[in-house]
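Reviewing the structure listed below.
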Amino acid sequence: MLTEKDSQFIARWEIVREQEATFRHKFLSGLPMAFMFGLPILLFFGIVQLFFPSWFTTATHKTNDVVVPEMTAKFMKLSSGDVMMVFIAILILILFFAYFRMQYKWEMNEQLYKELISKQKKMDNAVS
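Here it is in structure tokens:
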């Protein structure tokens, strides 16, 4: 026996399944969650680059206050190209996450729809 919730899902999914199957819909629907995933990372790198540009660029051996010559040179050399590459990589990650999260969600809804339709057909055959 299908519950009321299952019947409502079947009715809704029959209406919106073709619309939600498009690349555009999946991508645009997934962007908000993808930005929630990637924006903190972008903000962290942006803030560090803007406000603390020399962060982790020089070091001294603090345990015994001895300056280690090889450590006083920049040991984390980040050029502007490296930072830009991190931004580009995270943006690609956001775009990937936006589409594939919604693709997964669509496939799960489609699978549930097919299972409910199959269950409904079995019940109709059993009653007849």
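Each residue of the sequence shown is one higher than the last, beginning at -15 in the numbering used here. Quick reminder that beta carbons are idealized off the backbone N, C-alpha and C, glycines included.
Inter-residue CB distance, residue i and residue j (contact presumed, cutoff 8 Å)
i	j	result
residue 82	residue 18	4 Å
residue 122	residue -14	The structure shown does not extend to residue 122, since the chain is modelled only from -15 through 112, so no value can be given for it.
residue 70	residue 29	6 Å
residue 25	residue 72	About 13 Å separates the two Cβ atoms, so there is no contact after all.
residue 97	residue -3	5 Å
residue 156	residue 33	Residue 156 lies beyond the range of the chain shown here (-15 to 112); nothing can be said about it.
Burial state of residue i, where buried means 16 or more other Cβ atoms lie within 10 Å
i	result
residue 20	exposed
residue 86	buried
residue 14	buried
residue 22	buried
residue 45	Confidence is the limiting factor: at residue 45 the pLDDT is only 46, short of 50, which leaves the residue's position unreliable, though a coordinate-based value still follows. Result: exposed.
residue 110	exposed
Cβ-heavy atom distance, residue i to the ligand SAH, below 6 Å
i	result
residue -5	As presented, the structure is devoid of all ligands, the ligand SAH included, so that no description of it is given.
- Message: Under 8 Å: do the segment 7 to 14 and the segment 92 to 99 share three or more Cβ pairs, one atom per stretch?
- Response: Contact between the segment 7 to 14 and the segment 92 to 99 is not established, with fewer than three Cβ pairs separated by less than 8 Å.
- Message: Going residue by residue through the segment 61 to 111, where are the continuous beta strand (DSSP E) segments of at least 3 residues, counting only ones entirely within it?
- Response: Runs found: none.
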